[in-house]
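Novice: Before we start, here is the structure in question, set down as structure tokens.
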Amino acid sequence: MSNSDRFSLSMRLFHWGMAALVVSMLAAGLLMITSLQPWQLTLLTAHKAFGVIAIILVMARLINRLRHRLPPLPGDLSAAQQWGAKASHWLLYGLLFAMPLSGYLMQYFAGRPIELFGWFRLPAALQVDIHNYALFRELHGWLAIALIGVIALHVGAALHHHFVRKDNVLKSML
Amino acid sequence: MKYLYFALLLAPAAGLTADVPPQVSAQQFVDLQQGNSSFAGFRRAHAKGLCVTGEFRANGNLADYSKASLFKAGTTPFTGRLSIAGNNPTAPDLKAPVRSLALSFALSRTEQWRLAMNTPPVMAVADPHTFYQQIQAIQAGPAAIKQFFAEHPESSEFSAWAGQYQPSGSFAAETYHSINAFYLVNAGGDQHAVRWAMQPTVSVAATDLKDDDALHQEISSRIAAKPVVFDWVFTLAEPTDDETNPTKAWPASRQQINAGQIVLTGTTAQLEGDCHAINFDPLVLPSGITATADPILRARSAAYAESYRRRAKEQLHGALEGSNNE
């Protein structure tokens, strides 16, 4: 495989680093809203702090992506498949922005400042707004379900390329 | 003989399951609290209450123990809520076994503090899963709760308190306890385990009023006439005290610090006041206060969040439209 067939090192690092972060965040989110265990508070605090890291990373990642040339999609993909591949990737980017943003806004309107590892705190509303809290709380939940769905599609497509079509798409990210 | 071996094999397992209650989720917990008849748009616990406003007048005595800005000598406004235990927003005031005071200090955009305090000084149980069983027993009736207390010796201090507690005729004459312990952290990073109580400055004899809203009407007219004052008294733990066990009070000899006065100056019906929108999750803490490992305290964020999410969503869907908040 030549270098032009592969994603740049920075793109691969962003991809796998954020994959690990996003899967951990989704798992933590689903766990912390149900658990009454003593570690729930620790997990909740970490989830919020890593959410701030996630939105910084996704911005850096987007800039990095726009500066790099992508390996071309396999030439034998139909136009619809090519469109689907591109659309699902931009949908993923959109969700990666919307998740931490909706999470922050629900905390903002609930009047809960977010603490980052004891370094500093993000501001929250002085006056709680239960209406906007409800809006962003429900949005955060629905976006999480959408993100899980699109990730499943993404992983399924990667495995399909590798094992069924036996092309270089998965390898280009390794 | 075979059965005997089998029984012996099972005995330790049976003993173990008696000690470890089934683990419940935040959703199961709030389901139990709201019961079969939930009141859309209202809190699932302590559904009936009223909003209060006022200020904390700090004397500065606690400033060396916590860097939280409100403990420096001076005044800090708050939004608060007085309430009674239970899931029914129209329940009779005087039938409730527990009364509560919650406060919200919006110190700045980055520093907020929510406090949720109740009349009992201790919990009957030490973890949320056993607390779930206690609520089940309360809902099952007097015989069940009696049996529950008998099977849970850790509830002895709570039972002793409940046995001698005489409800007063006013929200103004109750003592409201943090119950759970927290750490105060000062500018030098020193940490002290504390509990606190809002101690009344008036005494009011029990009332024989039959009105469902007796306490609500009493406190509204009392505050309208004159501010209601509590002393905010902190108790400092010694190294031998267990700050993670909410069922055990610390010895009366422990050092106490009066941090200043909580002054209630106004009341508003809950759906018209600012307190309705607030989730009084006691784990919303400013710099200078942190949570202990107390399992009941640590379970509160998830349970409060579930109750808050439910009522917020109901309100978004119009649950409270047409009530007297508009």
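Line by line, the protein sequences give chains A and B.
For the first sequence, this note's numbering assigns the number 1 to the initial residue and increments by one for each residue that follows.
For the second sequence, this note's numbering assigns the number 1001 to the initial residue and increments by one for each residue that follows.
Cβ atoms here follow ideal geometry from the backbone N, Cα and C, with glycine treated the same way.
1) Measuring alpha carbon to alpha carbon, tell me which of A:87, A:147, A:51 and A:156 ends up nearest residue 105 of chain A.
2) Let me see if you follow: with CB-CB separation under 9 Å, is residue 1154 of chain B close to chain A or not?
3) Would you please state the rounded distance, in angstroms, between the beta carbons of residue 1149 of chain B and residue 1123 of chain B? I believe it to be under 8 Å.
4) Taking the alpha carbon of residue 987 of chain B as the reference point, which residue from B:1192, B:1283 and B:1110 has its own alpha carbon closest?
5) Residue 41 of chain A touches chain B at which residues, Cβ-Cβ below 8 Å?
6) Taking the beta carbon of residue 20 of chain A as the centre, do at least 16 other beta carbons fall within 10 Å, making it buried, or is it exposed?
7) Using the Cβ count rule (16 or more neighbours within 10 Å means buried), how would you classify residue 1114 of chain B?
8) Give the straight-line distance between the Cα atoms of residue 1143 of chain B and residue 1152 of chain B, rounded to the nearest whole angstrom.
9) Starting from residue 1058 of chain B, trace the beta strand (DSSP E) in both directions and tell me its first and last residue.
10) Please identify the residue among B:1042, B:1025 and B:1293 whose C-alpha is closest to the C-alpha of residue 1316 of chain B.
11) Between residue 1296 of chain B and residue 1128 of chain B, is the Cβ-Cβ spacing less than 9 Å?
12) Chain A partners of residue 1025 of chain B, CB-CB under 8 Å?
13) Taking residue 149 of chain A as part of the alpha helix (DSSP H), name the residues at either end of that continuous run.
14) Would DSSP call residue 1187 of chain B helix, strand or coil?
15) Give a yes or no on whether the minimum CB-CB distance between residue 100 of chain A and chain B is below 9 Å.
16) Between the beta-carbon of residue 1091 of chain B and the beta-carbon of residue 1047 of chain B, is there less than 9 Å?
17) Can you find at least 3 beta carbon pairs, one from the region 1249-1268 of chain B and one from the region 1205-1223 of chain B, that sit closer than 8 Å?
18) What residues of chain A sit near residue 1313 of chain B, judged by a beta carbon separation below 7 Å?
19) Would you please verify whether the beta carbon of residue 105 of chain A is less than 9 Å from any beta carbon of chain B?
20) How should residue 1166 of chain B be labelled, buried or exposed, when 16 other C-beta atoms within 10 angstroms of its C-beta is the threshold for buried?
21) For residue 1235 of chain B versus residue 1194 of chain B, is the C-beta spacing smaller than 9 Å?
22) For residue 1156 of chain B, which three-state DSSP category applies?
23) Is there a C-beta anywhere in chain D that falls below 9 Å from the one on residue 1242 of chain B?
24) Rounded to the nearest angstrom, how far is the Cβ of residue 1068 of chain B from that of residue 1260 of chain B, given a contact under 8 Å?
25) Taking C-beta pairs closer than 9 Å, name the residues in chain B that residue 44 of chain A reaches, listed in chain order.
26) Using a Cβ cut-off of 7 Å, pull out every chain B residue sitting near residue 128 of chain A, in sequence order please.
27) Let's see if you can read the secondary structure: which residues bound the alpha helix (DSSP H) around residue 40 of chain A?
28) Which bits of chain B does residue 89 of chain A rub up against, with CB to CB less than 7 Å?
29) My output table needs one value for residue 1161 of chain B: the three-state DSSP class, helix, strand or coil.
30) Could you give the C-beta distance for residue 134 of chain A and residue 108 of chain A, rounded to a whole number, given that I count them as a contact under 8 Å?
31) In angstroms with no decimal places, state the Cα-to-Cα distance between residue 42 of chain A and residue 1224 of chain B.
32) Residues in the same chain with beta-carbon distance under 8 Å from residue 1290 of chain B, minus the five sequence neighbours each way, listed in chain order, please.
33) Taking the DSSP output, what are the residues bridged to residue 1080 of chain B?
34) Which word fits residue 960 of chain B, buried or exposed, when buried means at least 16 other C-beta atoms lie within 10 angstroms of its C-beta?
35) Might you give, ordered along the chain, the residues of its own chain that have their beta carbon closer than 7 Å to the beta carbon of residue 12 of chain A, omitting 5 neighbours on each side?
36) Using beta carbons (cut-off 9 Å, strictly below), is residue 65 of chain A in contact with chain B?
Specialist: Checking against the coordinates, here is how it stands:
1) Comparing Cα positions, the closest option is A:51.
2) Put simply, the CB of residue 1154 of chain B is far from chain A, with every gap to its CB atoms at 9 Å or more.
3) Contact flag wrong, Cβ pair sits at about 12 Å.
4) In the structure as shown, chain B begins at 1001 and stops at 1326. Residue 987 of chain B is therefore absent and cannot be evaluated.
5) Result: 1283, 1291, 1298 and 1301.
6) Exposed: under 16 other Cβ atoms inside 10 Å.
7) The residue in question, residue 1114 of chain B, is buried, as its Cβ has 16 or more Cβ neighbours within 10 Å.
8) The alpha-carbon atoms of residue 1143 of chain B and residue 1152 of chain B are separated by roughly 14 Å.
9) Looking at the DSSP string, the run of the beta strand (DSSP E) that includes residue 1058 of chain B is 1048-1058.
10) Closest option to residue 1316 of chain B, judged by alpha-carbon separation, among B:1042, B:1025 and B:1293: B:1042.
11) Result yes, Cβ atoms of residue 1296 of chain B and residue 1128 of chain B sit closer than 9 Å.
12) Residues of chain A with a Cβ closer than 8 Å to the Cβ of residue 1025 of chain B are, in chain order, 34, 35 and 36.
13) Segment 130-159, the alpha helix (DSSP H) holding residue 149 of chain A.
14) Correct three-state label for residue 1187 of chain B: coil.
15) Using beta-carbon distances, residue 100 of chain A does not count as an interface residue toward chain B, since no partner is under 9 Å.
16) Cβ atoms of residue 1091 of chain B and residue 1047 of chain B: closer than 9 Å.
17) By the criterion of at least three beta-carbon pairs nearer than 8 Å, the region 1249-1268 of chain B is in contact with the region 1205-1223 of chain B.
18) Within 7 Å Cβ-Cβ: 134 and 138.
19) Residue 105 of chain A does not count as touching chain B.
20) Around the beta carbon of residue 1166 of chain B, fewer than 16 other beta carbons lie within 10 angstroms, which makes this residue exposed.
21) In contact: residue 1235 of chain B and residue 1194 of chain B (Cβ atoms closer than 9 Å).
22) In the three-state reduction of the DSSP assignment, residue 1156 of chain B falls in the helix class, which pools H, G and I.
23) In the displayed structure, chain D is absent; the protein chains listed are A and B.
24) Under the criterion of beta carbons closer than 8 Å, residue 1068 of chain B and residue 1260 of chain B do not qualify as touching, at roughly 12 Å.
25) Residues of chain B with a Cβ closer than 9 Å to the Cβ of residue 44 of chain A are, in chain order, 1283, 1301, 1302 and 1305.
26) Simply 1277 and 1278.
27) That run of the alpha helix (DSSP H) goes 40-67.
28) Those do not exist, as residue 89 of chain A stays about 32 Å from chain B at its closest Cβ, beyond 7 Å.
29) The answer is helix: DSSP assigns residue 1161 of chain B an H, G or I state.
30) The beta carbons of residue 134 of chain A and residue 108 of chain A sit about 13 Å from each other, so the pair does not count as a contact at 8 Å.
31) Counting only the Cα atoms, residue 1224 of chain B lies some 43 Å from residue 42 of chain A.
32) Within the same chain, Cβ atoms closer than 8 Å to the Cβ of residue 1290 of chain B are found at 1182, 1183, 1185 and 1191, the five residues on either side in sequence being excluded.
33) Within the DSSP bridge table, the entry for residue 1080 of chain B names B:1052 and B:1103 as partners.
34) Here chain B comprises residues numbered 1001 to 1326, so residue 960 of chain B is not present and cannot be evaluated.
35) Counting only Cβ-Cβ distances below 7 Å, and skipping sequence neighbours, we find 173.
36) With 9 Å as the cut-off, residue 65 of chain A does not count as an interface residue toward chain B.
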